[in-house]
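Those protein sequence lines, which keep their order, are chains A and B.
When you read off a place in the first sequence, starting at 1, and then add 60, the result is the number in our numbering.
When you read off a place in the second sequence, starting at 1, and then add 126, the result is the number in our numbering.
Heads up, the beta-carbon is just placed ideally off N, CA and C, and yes, glycines get one too.
For clarity, every value in this text was computed on a predicted model and none was experimentally measured.
Structure, as C-alpha cells:
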Amino acid sequence: MITARLWKFGNDINTDLMLPGSVMAKPEADQARAVFAANRPGWIDEMKRGDAIVAGRNFGMGSNRPASRSLRNIGVGFLLAESINGLFFRNSVNFGFLALECPGCSTAFEEGDTAQLDLDRWTVHNSRNGMSLKLQPIPDRLLTLMRGGGLYPVLEAGGYIAPRGNNPPL
Amino acid sequence: MGMTIAEKILARAAGVARIVPGEIADVEVDTCVLTDMNFLPASWRHILKMRDPAKVVVVLDHLVPANEPLSAAAHTAARAFVERFGIKRFHDVGREQGISHVVVADNAYALPGTVMVNPDSHTCGGGAFNCAARGVGLPETICAVTTGRSWFKVGETVRYEFDGKLKPGVTAKDVFLTIAGTHGAHVNQNVEFGGPGLANLSLNARRTMAIMGTELSAEFVIFEPDEPMLDYVRARSTQPFEATLPDPDATYKDRRRVDLGAIEPLVALPDSIVQNSVPVAQVEGEHIDQAFIGSCANGTLDDFAIAAKVVAGRRVAPGVRLIVTPGSQAIWREALKAGYVATLAEAGAVVTNATCGACVGGHMGVLGPNEVCITASTRNFKGRMGDPSARIYMASPATVAASALAGKIASAAEFFAGDLQ
Numbered sequence: 061m062i063t064a065r066l067w068k069f070g071n072d073i074n075t076d077l078m079l080p081g082s083v084m085a086k087p088e089a090d091q092a093r094a095v096f097a098a099n100r101p102g103w104i105d106e107m108k109r110g111d112a113i114v115a116g117r118n119f120g121m122g123s124n125r126p127a128s129r130s131l132r133n134i135g136v137g138f139l140l141a142e143s144i145n146g147l148f149f150r151n152s153v154n155f156g157f158l159a160l161e162c163p164g165c166s167t168a169f170e171e172g173d174t175a176q177l178d179l180d181r182w183t184v185h186n187s188r189n190g191m192s193l194k195l196q197p198i199p200d201r202l203l204t205l206m207r208g209g210g211l212y213p214v215l216e217a218g219g220y221i222a223p224r225g226n227n228p229p230l
Numbered sequence: 127m128g129m130t131i132a133e134k135i136l137a138r139a140a141g142v143a144r145i146v147p148g149e150i151a152d153v154e155v156d157t158c159v160l161t162d163m164n165f166l167p168a169s170w171r172h173i174l175k176m177r178d179p180a181k182v183v184v185v186l187d188h189l190v191p192a193n194e195p196l197s198a199a200a201h202t203a204a205r206a207f208v209e210r211f212g213i214k215r216f217h218d219v220g221r222e223q224g225i226s227h228v229v230v231a232d233n234a235y236a237l238p239g240t241v242m243v244n245p246d247s248h249t250c251g252g253g254a255f256n257c258a259a260r261g262v263g264l265p266e267t268i269c270a271v272t273t274g275r276s277w278f279k280v281g282e283t284v285r286y287e288f289d290g291k292l293k294p295g296v297t298a299k300d301v302f303l304t305i306a307g308t309h310g311a312h313v314n315q316n317v318e319f320g321g322p323g324l325a326n327l328s329l330n331a332r333r334t335m336a337i338m339g340t341e342l343s344a345e346f347v348i349f350e351p352d353e354p355m356l357d358y359v360r361a362r363s364t365q366p367f368e369a370t371l372p373d374p375d376a377t378y379k380d381r382r383r384v385d386l387g388a389i390e391p392l393v394a395l396p397d398s399i400v401q402n403s404v405p406v407a408q409v410e411g412e413h414i415d416q417a418f419i420g421s422c423a424n425g426t427l428d429d430f431a432i433a434a435k436v437v438a439g440r441r442v443a444p445g446v447r448l449i450v451t452p453g454s455q456a457i458w459r460e461a462l463k464a465g466y467v468a469t470l471a472e473a474g475a476v477v478t479n480a481t482c483g484a485c486v487g488g489h490m491g492v493l494g495p496n497e498v499c500i501t502a503s504t505r506n507f508k509g510r511m512g513d514p515s516a517r518i519y520m521a522s523p524a525t526v527a528a529s530a531l532a533g534k535i536a537s538a539a540e541f542f543a544g545d546l547q
C-alpha cells in the first residue's frame, strides 16, 4: 500500500510545462526546479516528497523530454490520470516513475485528498469520501522497471552502456 | 478478423501471425534515429556495444549551427560517436542536414512496412510513408540501438477516410486543426489515414499531417500506401520494404469520413492544441509580434510555395518579424531554385537554415515576455517558444503569412480568391 497526499491538475498537461525548453540542456537538478514553473509557479516549494498527482485526460502530451525523470527527482510518489500519453508512459517506465491510468480519478479526488494505492489489487481508495476506483493494470515486466529504477540500470547490467559518470570526456 | 496497418506492421516485426489491441508487441527495430539533443551531457549515456550500425541514423537538428557551448559539445559528442561505430548515415551541419523527421523523409529512410524509432516525439511523421514510426524517448532508443529490440503497447485504431479535395488556400494544417478540434486527443490509439481523397493530398501535405498526429497523442499515425508515395521511395532507396494495406475486415475503434472540400482555415488558440480550434474570423485582428513558418511539420516546399504566393510583391508589416525555417537544407535549396527564398526575403521575411530553432524555443526566433506569435509549426504550448508569458496561436502557413503582412491575425482568403479549385 502506498499512501500520498494529492495535488490536482487538469487535462492535456504537456511535458513543456514539466520540463521547459530553457532548462533542457541544464543538469537534472536545474530541470527539477523548473517543474510546472509556467502554469503553477511556487508549487515546487509547496509539494513535499511522497506527495502524488491526480490529473485529467492526456497527461504528458507533447515532447519526449524526460519529464518523468523530473517528477521522480522532485519526489512525486505517483501519478493518477484519466489517460496518459504513450510516450510519457514509456518514459515513466524507463525513468522509474509510477504513472497509472485510472478512469474516474479526476472526479473522485480533490486537491488535498489522501489516496491509498494497492498495486496487488489494482485499486486506489480515497480516505475522505470512501470511494475506491480500479486502476488500469500494468504488465509485470513494465511495472518492475517503473518501480526498480527504470531501464538504464538494466542496460548497464547487460554491458550495453557504461555506468553513469563513466561518459568519456567531451 | 483482420488487422489494421499498424497491427500488421507490428505483427510482422514481432514475428507473429496476429496481434490484437491490448497486447504488447516485442519487435525487431529496423531503423533507429538519434539527434543532437540526445548527445547533450545532461542526457547522453555512453554506449558500449551496438547491434548494427547500418540501422542507425544520426542527425544534428535542434540547435544547428550550435547556439552555445553546450550544443556545440553535443555536436562534438555526436561526431565522435558516429566515428567510433562507423555510422554511415550521419547528417552533420551542412549540405545533407535537416530536422531528423524531414531527413528520414527526404532520403526515404522511413520505409513502408518497417519499424522506426527516434527519441523525438514527432517521429510518427514517418507514417506518411506507411512506416510504423514512433517517438520513444532516449532510454528506449538507446535500448533499440544496443539490442535491436523494443516493445509497443498495441492500441486500437481510428481510421480517417478522406474524400474530395482541399479548396485553394486551405492546407494540411487546417485538416489537422479540424480533426484536433473535433475529436481531441487519441491517447493509446493509432490513427490510420486513407480513402479516395488521399490521391488529392501531396506527399508534403501527408508529411505535415503525420507529424501533427503526435499532437493528437496518437501512438502510430500511418497512411495507406499509394503509387505516388511508392514511386518517391523507390527513387530514393534500394532497400527492400513491404508496403502494407489494412485487411478488408480490419477492426477499428471508429471510422470517420473527412470531406476535404468542406475544410475551412482554422486557428488554434494559445496553450493547447486539442479541442482548441476556432475559425480565423474569431481571432482576426489580434495583434502579433512574430509570425513563424517552419519545423518538421511546416518546413516543406509546399509551405514555402504557399507563403511565397501570399507575400509576393508585398511587405511584412512594420514591427512584425516573419521567420521562415525550412525542414532541411535540401528543401532550402529547392526553395532557392524555385524563387521562393527571394520572394520571401524581398517581402522582409528572415529565411533561416534548417533547424528545429524557433519551434522548440531554441534559437532564431525565441519569444520575449508578453509577445504574441502566430505559428505554422508543431506546438503552441505555454512557454514553448520562449518566455512563458508569450502567447502562441497556431495556423496554416497561408494564414501565418497573411497575418505577417497585416501585422495582426488575418485571413488569407483574398490571396486565393482567383484560384480554380
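What residue ranges within the region 117-169 of chain A form continuous beta strand (DSSP E) runs of no fewer than 3 residues, ordered along the chain? 139-141 and 159-161
Nearest candidate by alpha-carbon position, reference residue 153(B), set 276(B), 205(B) and 312(B): 276(B)
Is the CB-CB distance between residue 206(A) and residue 156(A) below 8 Å? yes
Using beta carbons (cut-off 8 Å, strictly below), is residue 154(B) in contact with chain A? no
Taking residue 298(B) as the reference, give the member of 323(B), 285(B) and 284(B) with the closest Cα. It is 323(B) whose Cα lies nearest to the Cα of residue 298(B).
Rounded to a whole number of angstroms, what is the C-alpha to C-alpha distance between residue 230(A) and residue 203(B)? With a pLDDT of only 38 at residue 230(A), under the threshold of 50, the placement of this residue in the model should not be trusted; the figure read from the coordinates follows. Near 6 Å, if we compare the C-alpha coordinates of residue 203(B) and residue 230(A).
Minimum Cβ-Cβ distance from residue 314(B) to chain A less than 8 Å: yes
If the cut-off is 7 Å on Cβ atoms, which residues from the region 496-509 of chain B count as contacting chain A, listed in chain order? Cβ contacts with chain A: 505, 507, 508 and 509.
Return no unless some Cβ of chain A is closer than 8 Å to the Cβ of residue 323(B). no
Output the residue ranges of the alpha helix (DSSP H) runs that lie fully inside the region 158-230 of chain B and measure 4 residues or longer, sorted by chain position. 195-211
Can you give me the start and stop residues for the beta strand (DSSP E) that residue 525(B) sits inside? First-last for residue 525(B): 523-532, but that is the alpha helix (DSSP H), not the beta strand (DSSP E).
For residue 517(B), the nearest candidate out of 281(B), 251(B) and 506(B) (CA to CA): 506(B)
Got a sec, what are the start and stop residues for the beta strand (DSSP E) residue 257(B) sits in? From DSSP, residue 257(B) is part of no beta strand (DSSP E); its letter is neither H nor E.
Mind listing the chain A neighbours of residue 213(B)? Cutoff is C-beta to C-beta under 9 Å, in chain order. Going along chain A, no residue has its Cβ under 9 Å from residue 213(B), so there is no contact; the nearest lies around 17 Å.
Within 10 angstroms of the Cβ of residue 210(B), are there 16 or more other Cβ atoms? Answer buried if so, exposed if not. exposed
CA-CA distance, residue 380(B) and residue 345(B)? 15 Å
Determine whether the Cβ of residue 68(A) lies closer than 8 Å to any Cβ atom of chain B. no
Using CA coordinates, which residue listed in 317(B), 440(B), 236(B) and 464(B) is at the minimum distance from residue 529(B)? With distances taken between Cα atoms, residue 529(B) lies closest to 440(B).
Taking the alpha helix (DSSP H) that residue 103(A) belongs to, which residues open and close that run? Judged by DSSP secondary structure, residue 103(A) falls within the alpha helix (DSSP H) whose first and last residues are 103-106.
Along chain B, in chain order, which residues have C-beta atoms closer than 7 Å to that of residue 217(A)? In chain order: nothing, as chain B lies at least about 12 Å away.
Using the Cβ count rule (16 or more neighbours within 10 Å means buried), how would you classify residue 228(A)? Its pLDDT being 49, under 50, residue 228(A) is placed unreliably in this model, and the coordinates cannot settle the point.
Between 542(B), 164(B) and 320(B), which lies nearest to residue 351(B) when the distance is taken from Cα to Cα? It is 320(B).
So what does DSSP say about residue 458(B), is it helix, strand or coil? helix
Interface positions of the region 128-146 of chain A facing chain C (Cβ-Cβ less than 8 Å), listed along the chain: The structure shown contains no chain C; its protein chains are A and B.
List the residues of chain A that residue 488(B) touches, going by C-beta distances under 8 Å, in chain order. 81
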